[in-house]
Structures are given as structure tokens and as C-alpha cells.
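Have a look at the structure below, then the notes.
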């Protein structure tokens with residue numbers, strides 16, 4: 005049985021485990037029907053032209069992990085941003101780990117999706133927001149919706165800001181030969197509220213892990229959301245990240261994605277602007293080697309006047325890796341005075357690496373400033389030579405230039421400790437240690 | 089030549105001009121001075137026919153013809169030229185092509201044939217030499233990537249080519265260093281004659297040292313509050329605009 | 005001037021004889037619909053050799069198994085392929101007896117384009133009773149060309165006279181199975197042009213006037229094959245610069261260019277087929293496959309000005325197979341009213357040190373949709389490949405759309421690819437500035453649009469550029485209100 009069939013037939017088993025007499029379950033049932041109809045995306049679909057999920061479907065993933073594994077904090081400390089105090093929502097093989105987590109209900113809710121989906125006190129919020137911005141077309145999002153049960157739930161009321169950033173960490177222990185996870189996150193940031201979130205997926209062994217994650221973010225008027233995705237997983241893991249962001253007037257949301265690890269990563273990052281004077285920022289650094297594959301698929305939909313969006317994705321591709329960037333900007337007829345910028349720069353450092361990029365503009369308003377630029381090139385030979393004549397070895401010189409290349413993406417990281425950490429990860433990835441920090 | 093009577097103009101319901109009266113005769117140079125926001129540039133735009141402004145009251149005549157119903161290009165065909173404070177960039181259209189179009193459209197309006205190419209070239213050569221303009225400049229895209237000085241010089245060059253009856257120079261001196269200012273002013277002076285008139289709009293007296301006005305008017309809060317000769321400009325330079333404001337308040 | 009049917013036929017026979025193009029001028033038309041029998045019948049009517057018939061049949065079989073493409077960013081009612089007549093001796097029957105009967109709007113456009121009265125008659129489909137100047141000009145051309153060994157004739161003639169060349173190259177760049185419309189064209193192509201430039205020969209003239217004659221009467225499924233042998237050069241101009249009121253809704257042409265070692269082909273197109281009326285009814289569907297193959301050191305450059313057709317779907321492409329070969333694409337696409345254009349190029353870098361340049365200018369007005377769709381592909385063997393792409397869109401008014409879909413695929417680390425795209429509008433301040441200098445709004449727009457398109461207009465041969473400029477003006481008339 006391939007994965008597609010297994011998932012569909014597992015839905016019955018899933019139903020025996022959840023309360024089926026809720027509006028949520030109607031949403032789930034509709035979603036599984038949608039998935040059944042569409043199945044896994046194939047390369048024949050325009051949106052999946054450059055990314056194949058074929059081999060994934062042949063793997064026998066366990067869909068309902070056994071759980072029960074415990075972990076010592078000291079063994080996994082390195083995956084946290086431990087340098088600063090944060091709230092933590094930690095999952096081990098998809099199951100909430102209370103002793104590794106630090107949640108709160110003190111003025112803000114930083115807790116679990118499972119609680120939000122089942123407890124009556126959250127019902128109103130769930131009805132208002134759950135699955136309201138996530139796609140009903142995209143088959144993998146439907147798949148996640150069908151099995152949605154656990155994940156992070158974050159609710160920041162008006163004018164509030166949690167005292168510290170929030171980390172969401174998913175750990176896979178290797179307890180299963182092949183594990184499929186489908187976390188579902190819901191993040192609601194009310195008027196003039198603020199939040200900083202760091203999300204990370206990490207498997208601790210080389211057993212295969214396939215994560216199909218969906219995150220819905222609602223940023224109300226004047227809200228500020230700062231979201232960081234650290235993707236530095238083992239070479240046996242696959243991540244499909246579907247993030248949907250609903251922005252209201254004057255809100256400011258930025259998402260940074262650092263893609264360094266993993267076998268196959270697909271980021272579907274969708275911004276829907278639904279008010280005026282909105283600012284959306286999408287930034288990414290991708291550094292790949294071996295046979296890694298990362299596909300960034302972004303959408304910014306400008307539906308109201310006087311809004312801005314800034315996209316800046318940098319990629320460095322070595323060995324036999326593949327990088328894909330497909331960025332789409334839509335400017336509706338009424339979205340006059342839109343400023344939409346998109347930049348995608350790539351460096352190929354191996355003859356067997358591939359870059360496919362497709363920056364896409366769809367403009368229906370005339371008084372707008374939209375531009376996209378895209379380059380594929382190499383490190384500047386002249387600059388390399390210059391550094392070498394100053395005594396910097398070739399490898400370090402290359403690393404330095406690559407650092408410089410990725411620099412402006414890191415600049416907008418607002419948590420200094422995270423910036424330092426990302427720096428170290430990049431240095432590791434490039435196989436050098438530099439005597440400085442960016 | 090130009091006669092403005094009790095002119096009131098608004099932009100988006102905000103009153104900018106509140107009763108301007110001005111008469112300019114052939115051969116005269118008038119300077120209009122005033123502090124920022126007094127309505128100087130609005131006056132220039134209204135004369136040229138910019139549609140953002142709404143004329144509430146009063147009228148403008150050029151050689152007896154009421155301008156109210158005329159489109160900007162029709163006013164241009166009658167001989168009004170405005171040198172823009174911020175000349176507009178038109179990428180891909182060379183200075184020469186732009187001028188050719190402008191001149192021939194003007195001729196068409198007067199029922200004339202297009203200017204023969206050789207005559208056009210001769211005219212361009214003559215005027216560009218007069219204004220010390222490099223020939224290479226003429227094949228560049230209009231104002232695209234021009235420095236501030238180049239843009240202003242280009243405006244005066246166009247004025248020379250179009251030979252208007254009435255030239256309005258809107259803050260032509262802003263952003264110019266002393267050499268550029270001298271070149272621009274010399275150009276304007278060479279174009280002065282007994283049949284045309286010039287209205288110089290400026291914040292500072294500096295330009296008036298080079299383009300000497302016959303009359304100086306002070307515009308304040310949408311009205312001409314004081315008129316005099318070039319001495320008035322000097323007084324403004326020395327004492328600023330405050331004393332006028334005070335006089336107004338009193 | 006009342007003709008009898010018989011007189012007309014006779015006169016046209018003579019006329020076409022003088023053109024020297026059509027050997028078979030039977031007036032019958034094949035029944036509507038498409039089948040193997042029809043394909044065989046077309047081939048028979050054209051007296052084609054067996055290999056050609058077989059070639060068409062294979063294309064037909066491929067076509068039958070294919071689906072009409074859905075991916076272009078255009079919407080239209082799909083043609084009913086069984087409701088089209090695939091063969092009728094083209095255009096020999098005049099539609100009108102005198103210019104008085106022709107749509108005055110069409111004549112006005114001719115007037116603006118500065119087309120001579122005689123030519124106006126011809127283009128509008130009015131019977132002409134004198135031998136036109138251009139025919140004799142064409143004959144002179146043909147002589148000059150023949151002296152250099154250049155073959156320039158209809159593709160039907162080439163199949164008869166130069167079967168070895170046609171056999172070798174037809175379908176070599178655009179295979180029969182390439183796409184739905186290419187397959188259809190391969191099965192039923194009516195006629196088209198064939199051009200062969202021998203080794204080291206520089207074609208002494210732009211092949212343009214000549215083409216215009218050739219064009220009159222070519223049907224919906226046109227086939228063009230241009231072969232530039234080693235070290236040769238040709239500049240080829242395609243297009244009817246007058247808006248022919250074509251009754252054929254569907255046009256599915258195939259153009260194949262072959263530039264052998266060190267050869268250069270410049271292919272310029274001005275397309276202004278009937279775009280439909282202001283309400284979006286009528287108009288030509290233009291689904292074209294154009295592709296060129298560059299061998300070592302060869303260069304192919306496509307320049308196009310597209311202002312016509314209700315729907316345009318076309319991607320003149322270059323396969324840069326040989327080392328050091330160069331591909332260029334310069335395009336202006338104007339859409340107004342309800343027009344839809346999905347156009348761009350593909351640059352396939354296979355050889356080392358290959359270079360490509362893409363400059364695309366899209367102008368959308370009215371309720372039109374204008375899409376740029378392009379592919380730059382650098383394969384792993386294509387060391388030091390270079391590409392520069394620039395796609396600029398100009399929007400006029402708020403009911404139109406501009407879209408860019410650039411695909412960039414690089415598999416070689418020495419590749420250098422740069423892509424830039426911008427969207428802008430004509431500023432009110434720009435228009436006021438022009439107005440102040442005495443230039444009215446309509447003219448100001450023409451001027452600004454010309455400036456915007458300049459990089460591409462500059463690539464057109466002189467006589468074409470002037471017409472292209474006028475076309476831009478005409479097609480944008482009344483677009484600002």
C-alpha cells in the first residue's frame with residue numbers, strides 16, 4: 005500500500021481517537037475528501053514542477069507514533085536557543101512533552117493545539133480562526149487539516165506582548181523506522197499585539213521523518229509578528245511547511261527561513277494582505293550540499309492599497325543539491341500604491357548543483373511599484389583573489405564571500421542570540437570557523 | 089500681455105491662491121518672491137493649466153484671450169512656457185526627439201508644416217551653443233539621470249527652442265551651483281527681448297542678481313502683498329520675510 | 005466594375021501565375037473536419053511526394069493523441085477542430101469589387117500607415133485589375149537572389165524543387181510532436197516560405213517586400229523554414245503591416261530557423277492581425293511555434309512587435325546547441341481592449357560560452373491581459389553560459405493586467421544569469437510636462453510608449469521600425485480616458 009492509500013484508510017482509525025461530533029471534525033472530513041480527490045501533488049502540476057514527492061510515497065511511514073520516549077534536556081539542549089529565556093512548546097515524536105516545555109496562560113496563551121481544539125473555553129476562537137486562511141485547494145494542507153490534532157496554539161490579546169520569545173520544537177527520536185508528523189499551529193495576534201516565534205524540526209537519528217506542517221497566522225490591526233524558521237535537520241528528513249498569514253491594516257509580519265539541513269524541504273509561504281498600510285517581509289537563506297533539495301514557494305497577495313512587501317532570498321548550492329524559488333506577487337485592481345519587491349540571488353558552487361527559479365508578477369493595478377530581480381552566478385573570482393593575496397586561504401575566502409552574500413538577510417533578524425546562532429550554523433555548513441561574527 | 093484678475097485657486101478644497109492681481113507687459117521681467125508655502129509654485133502651475141488646481145474665482149488672460157477653458161498644450165501653443173521646478177524624466181525619449189515633437193506640434197497648431205530637418209538641426213545647434221550645451225546631451229533620454237543643473241539647463245534650452253511669449257521660471261535657481269546659475273541666467277538674458285515677458289519665481293534674491301527684474305512682487309498667504317522694484321528683493325534678502333509677515337498681521 | 009464569376013477566376017489565374025507561387029489553383033474546397041483522408045487529400049492537392057504525405061500523416065496521428073494546452077494565461081472558447089476547412093485554395097476570390105465596399109475604419113488605418121492605394125486594395129481583398137508594381141519588383145528580387153544561389157520560394161515549391169533540403173530540415177527544430185498546434189500545423193500546413201542561404205553568402209536585401217506578396221493568400225497554417233548555411237547571413241521580415249481582416253479565427257503557424265556554423269539569422273515580425281472589436285468579439289487566435297537552432301558560433305535574433313490578434317500565444321525560441329552561439333529576443337507586446345497575449349521566449353543553453361539576451365516590453369491598456377512567459381535553461385554542459393533578461397511592463401488604466409512568468413533553470417556553476425523585471429505606469433506628471441511643451445495627451449502617450457519600447461524598436465530594420473512606431477500609436481489610440 006502506498007502512502008496515499010495508507011493515509012486515507014488511516015483516517016478511520018484517527019476518527020476513533022478524536023471527538024467526531026464537533027464542527028472541527030466536519031472540517032477534517034471535508035479535508036480528507038479533498039485530499040482523496042487530489043492525492044499527492046505531482047511534477048505535472050505547475051506548483052510542483054521542480055519538486056518530486058514520488059519516493060516519499062513509497063516509504064512505509066507510521067502515521068500514529070507510539071510515543072513514550074523520553075529525552076534528557078542536556079541531550080537536546082543544543083537544538084534550543086538556550087542562550088535566552090523563552091517559552092517552549094516541545095513535541096517528541098509528535099507528542100507534547102510537558103517537562104521540556106514552558107507554556108503560559110498569563111495574559112497570553114502559549115499552549116497546545118489539542119487543548120484549543122477540545123476545551124470549550126477556546127471554542128469561539130477556534131470557530132473564528134481555525135482553517136480560515138489555510139488552503140482548501142492545496143492537497144497537502146488538506147491532508148494536514150484532516151489529521152489536525154496537535155501543535156502549538158498561541159493567542160496574544162490586544163495590546164499584549166509575551167515577556168519573551170516562543171520556541172516551537174519538534175523532535176523525532178528514531179523510535180519508529182519511518183515517522184510521519186503533521187503538526188498544526190494556530191497563531192492569533194490581536195490588535196497592536198506582538199510576538200516573536202522560533203520554529204524548528206529536528207530528528208535525532210537517521211531514521212526517516214516526513215513532516216507535513218501547517219501554520220495559520222492571523223495578524224490583526226497594528227500587530228507585529230516576527231517568525232523564524234530554522235531548518236537544519238538530518239539528511240533523512242523531509243519537511244513540507246505550509247504557512248498561511250492573514251494580515252489586517254497596518255500590521256507588520258516578517259518570516260525568516262533558514263534552510264540548511266534536511267533531505268527535502270518545501271516551504272509554502274503565503275501572505276494575504278487584507279488591509280491598508282500592511283508590511284510583509286519574507287526572507288530566506290538557503291545553503292545546501294549533498295543531494296539536498298529546498299523549494300521556496302512564496303505568495304504575496306496585495307488586495308488593498310498602500311501596502312508593501314519585501315522578499316529577499318539568497319541561496320548557495322553545492323555538490324548535487326537543488327534549489328528552487330518560485331515567488332509570486334499578485335496585485336489586485338484596487339491595490340493601488342503597492343510597493344512590492346522581490347529579490348532572489350543564487351550562487352552555484354558545484355557543477356552538479358541546480359537552481360530553478362521562477363519569480364512571478366501578476367499585476368492588475370496601474371499605480372504600483374513592483375520589481376523582481378533574480379541572479380544566478382558564482383563567487384567573484386576577483387574578490388577571491390584579492391582575499392587570497394591578503395593571506396586568507398581559499399576555503400575561508402569563499403566562506404567569507406558567501407557570508408557577505410547572505411549578510412543582508414541576517415541583518416533583519418531581531419533576536420541577537422538567534423543571529424549569532426544562525427551565523428554559527430552557516431559557518432558549520434560551510435565547514436569553516438571564522439574568527440568573527442556578522 | 090499677461091493679465092491676472094482676482095485669481096482664487098484651490099487644491100483638494102484647500103485655498104492656496106486668494107485673490108491675485110498681476111499685469112505683465114511685453115519686454116518686462118517680473119519676479120515673484122515669497123516664503124515657502126505662499127503659493128508661488130501654485131501660481132505658475134495654474135497659469136500653465138495644471139488640472140489638480142481648481143480655479144474658484146477670477147481669470148487669466150494672455151494677450152486678451154481667456155485661458156480658463158484651455159488645455160495645457162493649447163496654452164503652450166499660445167506661447168506660455170513654464171520651466172519646471174522638478175523637470176520630469178521620460179526614459180527612452182531623447183532631448184532632440186522630444187523637442188522635435190514639441191516644436192512640430194506647436195507649428196501644427198498654428199497651421200504650419202513640420203519644421204524641415206535641416207532647419208531643426210540648425211536651430212538646435214544655434215541654441216545649444218548659446219547655452220553652452222554639449223551635443224552629446226541632446227541624444228540622452230529626457231532628464232533621465234540628469235543632474236539638477238543639467239535638468240534646469242535643459243529647461244532653458246527648451247525655452248530657447250520654443251521661443252515663448254511668456255516664460256515662467258519656477259524656482260529655476262534651486263539646486264544650482266553658482267556656475268550653473270550663471271549659465272542658466274545668461275541664457276535667459278539672451279532670450280529677453282521687447283516682445284516677450286518673463287516671470288521669475290524664486291525664494292532667494294540670488295538669481296535676481298543675474299536676471300534683473302523690472303518689478304518685484306511679494307506673495308504671502310496666497311496674495312501679492314507688496315510690489316516694488318529690484319530694491320525690494322535686496323531688502324527681502326537682508327531682512328527676510330518676517331517684516332512682511334508682521335506688516336500683514338498688523 | 006462588375007465582374008462575372010468567370011472573368012474573375014480567369015483574371016486571378018493569370019495573376020497567380022505571375023506570382024509564380026501556386027501551381028494548383030482549383031477552386032474547390034475540401035469538406036470541413038480533419039481525418040487521415042483529409043490529410044492525404046491536402047497532400048495530394050499539392051501534388052506532394054509520398055514522403056511528405058507520410059510525414060503529415062504521422063503528425064496527424066500524434067496530434068490526435070494530444071490535448072490542447074491549458075497552461076497559457078489566456079481564456080477563450082476552444083476552436084472546434086472538426087468545424088474548420090483545412091484546405092481551400094487561398095484568397096483567390098476577391099471579397100469586394102471596389103474600395104467603396106470596404107470597412108471605412110480599415111481604410112482609415114491603411115491611410116495612417118501610409119499604404120498605397122493599390123496595395124490597400126490588395127490587402128483588403130479588393131480585386132485588382134492591373135499588375136502591381138511589387139510583382140515586377142519581386143521578380144527582380146528573385147533574379148538577384150538566384151545569382152547568389154539563394155533559394156527563396158514557397159514551401160510547396162521547395163517540396164517539389166528542393167526535396168533534399170526540406171526533407172533534411174523540416175521538423176528538425178520543431179518536431180511534429182512538439183506541441184498540440186505544431187502537430188496540427190505539421191499535418192495540414194497550407195503553405196509558407198522557404199529560404200536557403202548558401203555557405204558564406206550574405207543575403208543582399210531584407211527579405212521583406214517579397215514576403216508581403218507571398219503572405220497574401222497564405223492560409224491559417226503557415227509553415228516557414230529558413231536555413232542559413234555556414235557563415236551566411238540573412239535578415240528576414242515577416243508580417244503584414246496592414247491589418248488584414250482575416251476571416252480565419254485560428255492561426256497556427258510553425259517557423260523553423262536553422263543557423264549552421266557561424267551563420268546569422270535576424271528574424272523580425274510585426275504582427276497586427278485583427279484583434280477583435282472594442283467589446284472583445286471576433287479577432288484572430290494566433291498560436292505560433294517559432295524556434296531556431298544555433299550551431300557553433302551562430303546567432304539567431306528574434307525581434308517582434310505584437311499589436312494584433314485577440315489571443316497571442318507565442319514563444320520564439322533559440323536552441324543554443326553549438327559552442328559560442330548567441331540567441332536574442334527583443335519583443336514589444338501591446339494589448340488593448342480585450343486582447344490577451346501570452347508571449348516570451350525560451351533560451352536553451354546547450355553549448356559552451358553561449359549567450360542570450362531577452363528584452364521584453366509589455367504594454368497593457370483597456371481590459372487586456374499581457375503576460376511574459378520565458379524560460380532560460382542552462383544545461384550542465386553549457387559552461388560559461390550567460391543570460392541577461394529584462395521584462396518591463398507598462399500599465400495604462402486600471403482594468404488591465406500585466407503578468408510575468410520567467411522560468412530560470414541553471415545546472416552549471418559557471419552560469420551567469422540576471423533577470424530583472426519592473427512594472428510602471430505613465431505618470432500624470434509626465435503627461436502634464438509634455439502638455440506644457442505643447443504636446444497633446446495622445447501624442448504624449450505615444451512618445452512615452454515609444455521611449456519605453458526604444459531598446460526593442462532600435463533592433464528593427466529601419467523601414468519596419470517606422471511602421472512599428474505607427475502601429476504602437478494606432479493600437480493604443482483611445483486607451484487613456
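Protein chains in written order, with our numbering: chain Y, 5 to 442; chain B, 89 to 338; chain X, 5 to 485. Just so it is clear, CB atoms sit at the ideal spot from N, CA and C, and this is done for glycine as well.
Whole angstroms is fine: what's the gap from residue 387 of chain X's alpha carbon to residue 324 of chain X's? So the two alpha carbons sit approximately 12 Å from each other.
DSSP bridge partner residues for residue 121 of chain B (one or two, in chain order): Its beta-bridge partners are B/290 and B/306.
Minimum C-alpha distance to residue 8 of chain Y - residue among Y/278, Y/30, Y/356 and Y/41: Distance from the Cα of residue 8 of chain Y is smallest, within the candidate group Y/278, Y/30, Y/356 and Y/41, for Y/41.
With a threshold of 8 Å on Cβ separation, who are the neighbours of residue 254 of chain Y within its own chain once the five nearest residues in sequence on each side are excluded? Sequence-distant Cβ neighbours of residue 254 of chain Y in its own chain, meaning closer than 8 Å and more than five residues away, are 225, 226, 279, 280, 281 and 282.
Flag residue 442 of chain X as yes if its beta-carbon sits less than 8 Å from any beta-carbon of chain B, otherwise no. The beta-carbon of residue 442 of chain X is placed less than 8 Å from the nearest beta-carbon of chain B.
Closer than 9 Å, Cβ to Cβ, to anything on chain Y: give me those residues from the region 340-356 of chain X, in chain order. Flagged: no residues at all.
Spatial distance of residue 56 of chain Y from residue 422 of chain X (CA atoms): Distance between residue 56 of chain Y and residue 422 of chain X, taken at the CA atoms: about 27 Å.
Have a look at residue 4 of chain Y and residue 376 of chain X and give me their C-alpha separation to the nearest angstrom. Since the first residue shown for chain Y is 5 and the last is 442, residue 4 of chain Y is missing from the structure and cannot be characterised.
Report the three-state DSSP secondary structure of residue 232 of chain X (helix, strand or coil). If DSSP states are grouped into helix, strand and coil, residue 232 of chain X belongs with the strands.
Does the beta carbon of residue 178 of chain B come closer than 8 Å to any beta carbon on chain X? Judged by the 8 Å Cβ criterion, residue 178 of chain B is in contact with chain X.
In chain order, each beta strand (DSSP E) run of at least 3 residues that lies wholly inside the region 341-428 of chain X: Whole beta strand (DSSP E) segments, 3+ residues: 344-347, 350-353, 359-368, 373-382, 390-399 and 405-414.
Hey, residue 329 of chain X and residue 300 of chain X: beta-carbon distance below 8 Å or not? It is a contact, given that the beta carbons lie within the stated cut-off.
Which residues in the same chain have their Cβ closer than 6 Å to the Cβ of residue 116 of chain B, if we skip the five residues on either side of it in sequence? Sequence-distant partners of residue 116 of chain B (beyond 5 residues in either direction) whose C-beta falls short of 6 Å from its own C-beta, in its chain, are 285 and 302.
I'd like to know whether the C-beta of residue 207 of chain B is nearer than 8 Å to at least one C-beta of chain X. With 8 Å as the cut-off, residue 207 of chain B does not count as an interface residue toward chain X.
Mind listing the chain D neighbours of residue 80 of chain X? Cutoff is C-beta to C-beta under 9 Å, in chain order. In summary, chain D is missing from the structure at hand, where the protein chains are Y, B and X.
Hey, how far is the Cα of residue 36 of chain X from the Cα of residue 480 of chain X? So the two alpha carbons sit approximately 37 Å from each other.
So what does DSSP say about residue 84 of chain Y, is it helix, strand or coil? Of the three classes helix, strand and coil, the one that applies to residue 84 of chain Y here is coil, per DSSP.
Compare the C-alpha of residue 478 of chain X against each of X/164, X/447 and X/455 and name the closest. Selected option, being the one with the closest Cα: X/447.
Which residues in the same chain have their Cβ closer than 6 Å to the Cβ of residue 282 of chain X, if we skip the five residues on either side of it in sequence? Hits under 6 Å: 341.
List the DSSP bridge partners of residue 93 of chain Y. Among the bridge pairs identified by DSSP, residue 93 of chain Y is matched with Y/172.
As assigned by DSSP and simplified to three states, the class of residue 326 of chain B: In the structure shown, residue 326 of chain B adopts helical secondary structure according to DSSP, grouped into three states.
Classify residue 404 of chain Y: buried if its beta carbon has 16 or more other beta carbons within 10 angstroms, exposed otherwise. Flag for residue 404 of chain Y reads buried.
Pick from Y/375, Y/85 and Y/106: whose alpha carbon is nearest that of residue 407 of chain X? Selected option, being the one with the closest Cα: Y/375.
How is the beta strand (DSSP E) around residue 142 of chain B delimited, first residue to last? Counting along the chain, the beta strand (DSSP E) containing residue 142 of chain B begins and ends at 141-150.
Near residue 398 of chain Y, what residues of its chain come up, given a Cβ to Cβ distance below 8 Å and the 5 sequence neighbours on each side ignored? Setting aside the 5 residues that flank it on each side, residue 398 of chain Y is surrounded in the same chain by 388 and 392, each with a C-beta closer than 8 Å to its C-beta; the list follows chain order.
If the cut is a Cβ gap below 8 Å, which residues of chain Y does residue 416 of chain X touch? Result: 352 and 355.
Going by DSSP, what residues sit across from residue 299 of chain Y in a beta bridge? Per DSSP, Y/270 and Y/328.
Using DSSP bridges, identify the partner residues of residue 347 of chain Y. BP columns for residue 347 of chain Y point to Y/316 and Y/377.
Do we get a CB-CB distance below 8 Å when we pair residue 138 of chain B with the residues of chain X? Closer than 8 Å to some Cβ of chain X, the Cβ of residue 138 of chain B qualifies, so yes.
DSSP three-state label for residue 438 of chain X, please. Here residue 438 of chain X sits in helix by DSSP.
Using a C-beta to C-beta distance shorter than 7 Å, which residues of chain Y count as neighbours of residue 399 of chain X? 367 and 370, listed in chain order.
Cβ pair residue 325 of chain Y, residue 287 of chain Y closer than 8 Å: No, these two residues do not count as a Cβ contact at 8 Å.
Kindly say whether residue 136 of chain X, judged by its beta-carbon, lies nearer than 8 Å to any beta-carbon of chain Y. Only weak support exists for where residue 136 of chain X lies, its pLDDT of 33 falling under 50; the coordinates are left without a value.
Counterpart residues of residue 170 of chain B in DSSP-defined beta bridges: DSSP output for residue 170 of chain B lists B/256 as bridge partner(s).
Interface residues of chain Y around residue 384 of chain X at Cβ under 8 Å? Within chain Y, the residues near residue 384 of chain X are 355 and 356.
Pick helix, strand or coil for residue 250 of chain Y, following the three-state DSSP scheme. Residue 250 of chain Y sits in a strand when the DSSP states are folded into three classes.
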